[in-house]
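Everything below concerns the one structure shown next.
Residue numbers (my numbering): 5 to 186.
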């Protein structure tokens, strides 16, 4: 029997149920509910129970009813990890929010298929291991406005609006970058 290889996925700036972000970011949805349902369905269609997903900040609208976020994330496949974003700080006193994730950090450095990856909500100009470990940096925060950033090799924007509202693997980011540079 062949076992499916575990994958690591990345996505940022979900902003679940936020009509303000849906409108201001120019997301292609008529309302925040449709946006949220699309993101959640894409997650379910992409991620398996044995995979890991790093949510790189800005999970959802501030005034989601207690328990709703926990219910959403319990139903989604994969082992979930959170890198805190600027909109997640309001949840610092809600323990149920943090129980949705296996880990909650402001910054992390992980190994993905032998490659060093630095995770931080904000894009960095320089990151740990950038030169000596050939490390990658995956971030969010700027949504689909990647063109406003200076291009740096191995720095990838995981904002939902930038990646088709679907979690991506590091290999997918690398391929997208190659296609973009052609």
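In this text, a Cβ means the ideal position worked out from N, Cα and C, and glycines have one as well.
Minimum length 4: unbroken alpha helix (DSSP H) runs contained in the stretch 68 to 138: Those alpha helix (DSSP H) runs which fall completely within the stretch 68 to 138 and span 4+ residues are 72 to 79 and 99 to 102.
Out of curiosity, what's the CA-to-CA distance linking residue 174 and residue 126? About 18 Å.
Whose CA, out of 35, 146, 119 and 27, lies closest to the CA of residue 136? Checked all of 35, 146, 119 and 27; the closest Cα to residue 136 is 119.
Using a C-beta cutoff of 8 Å, does residue 112 count as contacting chain C? Absent from the structure is chain C; it holds one protein chain and no more.
Given a threshold of 16 other Cβ atoms within 10 Å of its Cβ, counted over all protein chains shown, does residue 26 qualify as buried or as exposed? Burial of residue 26 is indicated by the presence of at least 16 other C-beta atoms within 10 angstroms of its C-beta.
Helix, strand or coil for residue 31 per DSSP? Coil, per DSSP.
CA nearest to the CA of residue 57, picked from 20, 170 and 185: Of 20, 170 and 185, the residue nearest in Cα terms is 170.
Taking Cβ to Cβ, would you say residue 88 is nearer than 8 Å to residue 65? Residue 88 places its beta carbon 8 Å or farther from that of residue 65.
What's the gap between the Cα of residue 243 and the Cα of residue 121? Residue 243 is absent from the model: the chain starts at 5 and stops at 186.
Test item: CB-CB of residue 164 and residue 43 under 8 Å: A contact, by the Cβ cut-off of 8 Å.
Residues in its own chain within less than 6 Å of residue 83 by CB, not counting five upstream and five downstream? Once the five neighbours on either side are set aside, the close Cβ partners of residue 83 are 56 and 106.
Go through its chain and collect everything with a Cβ distance to residue 116's Cβ below 6 Å, but skip five positions before and after it. Once the five neighbours on either side are set aside, the close Cβ partners of residue 116 are 12 and 174.
Determine whether the beta carbon atoms of residue 60 and residue 123 lie at a separation below 8 Å. Yes, these two residues count as a Cβ contact at 8 Å.
Straight-line CA distance for residue 240 to residue 78? Summary: the structure shown does not reach residue 240, with the chain confined to residues 5 through 186, and so no result is reported for it.
Which of the three DSSP states, helix, strand or coil, is assigned to residue 60? Here residue 60 sits in coil by DSSP.
Taking its Cβ as the centre, do 16 or more other Cβ atoms sit within 10 Å of residue 16, making it buried, or is it exposed? With 16 or more other CB atoms across the displayed protein chains lying within 10 angstroms of its CB, residue 16 is buried.
With a threshold of 16 other CB atoms inside 10 Å of the CB of residue 140, please say whether the residue is buried or exposed. The residue is buried, with at least 16 neighbouring Cβ atoms inside 10 Å.
Which class does residue 53 belong to by DSSP, given the choice of helix, strand or coil? Residue 53: coil per DSSP, three-state reduction.
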